[in-house]
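S.K.:
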Amino acid sequence: MTSHPPSPALRALASDTLLNAAGAKELLDLASRLKAASVAGHPAPPLLQGKNLAVLQPASGATVSVLHDAAADLGVRVARVSLGEPPPTVGECARIARMLGRMYDAIDVGTTAPATAAELATHAGVPVYRGLADGSHPALALARDLAPADAVVPDAAAESDNRRFMMQALLLATIG
């Protein structure tokens, strides 16, 4: 699978909560190509080899998410990062964001408080996602459109695969 430069609309959707129609179609097309290649026995090569993704989570969280697996399949190194307890103040976030932006190619802020997430996105200089690791990112709602039209009852494994393809499409579009 060849990589095409993403449109400005897709680059901007990392932290956007709304997808415009053109961005949604482009993302869905990319996810569909990833899915078709995988079904044909040609999963995506490590197109993002050497890229680094930070997933911010509470100190107690130690689960491996679907995002971790989806990113790793593309060659992305995923690091779970805790902001510590108590969480940083909004004022400390600018310094932390700049540091994370130098170390990582993208950041998922997870369930970080909205003000902290916004401050990180403002100062990081890299794509900042909200909700990829926990599955709440709005782009992941498009995964249902990858299901085969003839499927009467959605298969849980197929839904999980479709979410993985959408995550991969978003990563390719924003940090690729």
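Just so we're aligned, residue 407 is where the sequence shown starts under our numbering, counting upward by one. Here a beta-carbon is modelled for each residue, glycine too, at the ideal position from N, C-alpha and C. Being a predicted model, the structure only gives us computed values, none of them experimental.
Where Ala549 and Ser488 are concerned, what is the direct C-alpha to C-alpha distance, given to the nearest angstrom?
M.R.: Between Ala549 and Ser488, the C-alpha separation is close to 29 Å.
S.K.: Whose CA, out of Ala428, Gly490 and Ala442, lies closest to the CA of Ala564?
M.R.: Measuring from the Cα of Ala564, the nearest candidate turns out to be Ala442.
S.K.: Buried or exposed: where does Gln574 fall if 16 or more other Cβ atoms within 10 Å of its Cβ makes it buried?
M.R.: Buried.
S.K.: Taking contact to mean at least 3 C-beta pairs separated by less than 8 Å, is the segment 507–519 in contact with the segment 453–460?
M.R.: Yes, since at least three Cβ pairs between the segment 507–519 and the segment 453–460 fall closer than 8 Å, the two stretches touch.
S.K.: Please report the straight-line C-alpha distance between Ala418 and Leu576, rounded to a whole angstrom.
M.R.: Per-residue confidence for Ala418 stands at a pLDDT of 49, beneath the threshold of 50, marking its modelled position as unreliable; no derived number is given.
S.K.: For Ala521 and Gly447, what's the separation of their Cα atoms in angstroms?
M.R.: Spanning the two alpha carbons is a distance of roughly 43 Å.
S.K.: Could you compute how far the alpha carbon of Asp435 sits from the alpha carbon of Val472?
M.R.: If I take the Cα positions, the gap works out to 20 Å.
S.K.: Would you mind stating whether Ala503 and Ala530 have Cβ atoms separated by less than 8 Å?
M.R.: Yes. Within cutoff.
S.K.: So the alpha helix (DSSP H) Asp475 belongs to, where does it begin and stop?
M.R.: Val472 to Asp479 is the span of the alpha helix (DSSP H), which, as asked, contains Asp475.
S.K.: Under DSSP, the beta strand (DSSP E) around Val496 begins and ends at which residues?
M.R.: It is not in any beta strand (DSSP E) - Val496 instead sits in the alpha helix (DSSP H) that spans Val496 to Met509.
S.K.: Going by the DSSP bridge assignment, what does Ala460 pair with across the sheet?
M.R.: DSSP output for Ala460 lists Ala485 and Ile513 as bridge partner(s).
S.K.: If Met572 and Ala539 are in contact, beta carbons under 8 Å, what's the gap, nearest whole angstrom?
M.R.: Contact flag wrong, Cβ pair sits at about 13 Å.
S.K.: Find out if the Cβ-Cβ distance for the pair Leu454, Gly537 is shorter than 8 Å.
M.R.: No, they are not a contact pair.
S.K.: Helix or strand or just coil, what does DSSP make of Val534?
M.R.: DSSP places Val534 in strand when its eight states are reduced to three.
S.K.: Please report whether the beta-carbon of Ala547 lies at a distance below 8 Å from any beta-carbon of chain B.
M.R.: The chain inventory of the structure shown lacks chain B, comprising one protein chain alone.
S.K.: How about Leu480 and Ala500: do their beta carbons lie closer than 8 Å?
M.R.: No; because the gap between Cβ atoms is not below 8 Å, this pair is not in contact.
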